[in-house]
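Colleague: Residue numbers (full-length UniProt numbering): 1 to 394.
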C-alpha cells in the first residue's frame, strides 16, 4: 500500500506535466516564434503527436527492461528523462527546443513504467482496484493540467509552471528513491514462454484486446479533435466557445476520476470483459447522442456519462491481459498494450483529418461513436473461457 500511494502521487504529478499544453498548444507555440495561425497549427499538431511517437518506439523495450532489470531502477531512469524534457521545454526559447522536449516526454515512457509497476506490486485480488486508482490519478492530472496551463498563459507565463512541474517531479523522484522498495521478482513458469508481439498476435483473445484498446484510444483522441468543431457548429452564435469546450472536457475528466475506482472494484470481483463491453457501448451511445442534442446542459450530461464509461476501458484491457500472462512478463505485456494504445492516439486524429472534407463538423461525431462500438464488439466476440497462464500454474 505504501508503494502504491507513492506511485499514484507520481502518476498525478507527471500527468499534469504531460497535459498542461493540450488545449492551449497553438497559443503557446505562437509565443515562441513569430508565425501565422496556420504555421502555429502545423507545429501544434507535431508537438501534440511527438510524445506518442517517442512512446511508440520505446514502450515495448522499456516494459521488457522492467522485467529484466527491475521496476524501481527503470522508474528512476524514466523520471530523469521526464524531468529533462520539462526543463528543456521551460528553458528553451525556440520551437525546435520545445519539440525536442515533447519528444523526450514520450521517450521517457513514464506512463508505461508506472502502469507496469502498479500492476506488478498488486496481487491478483486487488489489481483491478489499483489500476482503477491509477486511472483516477491520471484523470486528476489531466483535469488540473489544462486548467492551470490556461490560467498561467493568460495571466503570466507557462515557464514557471513547467519549472515547478519539473521540480515536483524531481522531489517525487527523490522520495521514490528513498522510500520505494523493489518488488520481489516473479519466477517464470516452467515450460511456458512469452514471445511478446508474436504471442499476442497468435492468441485471438489477446489480439482482440489489443485491437480494442487501439480503437478506443483512436476514438478518444479523435473526439478531442472533433469536439471543439462540433460545439462551434452546434452553437454558431454562441459566446466563449473555448471556455465551454474546456469546461465540458473538464466535466468528462471529473467523471473519469470519480468512476475509475468503482470500475476497478467491479473488475476485481468479476470478469473485466463484461465491464469493458458495457463501458464501450456506453461511450458509443453517449457520443452518438450528441448528434441529436442541441442543449448545452444535455451535452454536459452526456460528457459526464462518457467520462464515467471511459474510466473502465483502459484499466479493463490491462487487467484482462495481465490475467492471461505470467507475472514475470507483466512489464513486457504492459509495454505492448501501451504501444497499441499509442497507435490509436495517432490514428484517431489522422482519421478525422481524412474525413473533414467529407463530413460536416456535427456528422464527424458518428465515426467516433463507431470506433467505440467496434472496440466493444471485438471483446464481445472473445472466447468466454480464455487461456490463462495463471490457471496453468495452479
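Glycine residues also receive a C-beta, built at the ideal position from the N, C-alpha and C atoms. Source: prediction; values computed, not measured.
1. Under the assumption that residue 52 contacts residue 345 (Cβ atoms under 8 Å), give the Cβ distance between them as a whole number of angstroms.
2. Below 8 Å on the Cβ atoms is my contact criterion, and I expect residue 348 with residue 284 to pass it. Report the Cβ-Cβ distance as a whole number of Å.
3. Can residue 55 and residue 17 be called in contact, C-beta distance under 8 Å?
4. Looking at residue 364 and residue 350, is the spacing between their C-beta atoms short of 8 Å?
5. Please report the distance separating the alpha-carbon of residue 218 from that of residue 343.
6. DSSP state of residue 3, grouped into three classes?
7. What does the alpha-carbon distance come out to for the pair residue 309 and residue 171?
8. Flag this pair as yes or no: are the beta carbons of residue 183 and residue 121 separated by less than 8 Å?
9. Which whole runs of the alpha helix (DSSP H) in the stretch 114-166 are 4 residues long or more, in chain order?
10. Please classify residue 69: is it buried, with 16 or more other beta-carbons within 10 angstroms of its beta-carbon, or exposed?
11. Closest to residue 47 by C-alpha separation, out of 101, 76 and 300, would be which residue?
12. Which whole runs of the beta strand (DSSP E) in the stretch 304-344 are 3 residues long or more, in chain order?
13. On the criterion of 16 or more Cβ atoms from any shown chain inside 10 Å, does residue 125 qualify as buried, or is it exposed?
14. With a threshold of 16 other CB atoms inside 10 Å of the CB of residue 236, please say whether the residue is buried or exposed.
15. Alpha carbons only, please: which of 247, 318, 298 and 331 is nearest the one belonging to residue 212?
16. I need the straight-line Cα distance from residue 483 to residue 76, nearest angstrom please.
17. Please report the distance separating the alpha-carbon of residue 19 from that of residue 145.
18. On the CB-based measure, 16 or more other CB atoms within 10 Å of its CB, does residue 29 come out buried or exposed?
19. If you follow the alpha helix (DSSP H) that residue 281 is part of, which residue opens it and which one closes it?
20. With DSSP run on the structure shown, which of helix, strand or coil describes residue 35?
21. Would a check of beta-carbon distances place residue 50 closer than 8 Å to chain D?
Modeller: Answer, in terms of the structure:
1. 5 Å
2. Contact flag wrong, Cβ pair sits at about 15 Å.
3. no
4. no
5. 8 Å
6. helix
7. 34 Å
8. yes
9. 127-155
10. exposed
11. 101
12. none
13. exposed
14. exposed
15. 318
16. Nothing about residue 483 can be reported from this structure: the residues present for the chain run from 1 to 394 only.
17. 5 Å
18. buried
19. 272-288
20. coil
21. Looking for chain D here will not work: only one protein chain is present.
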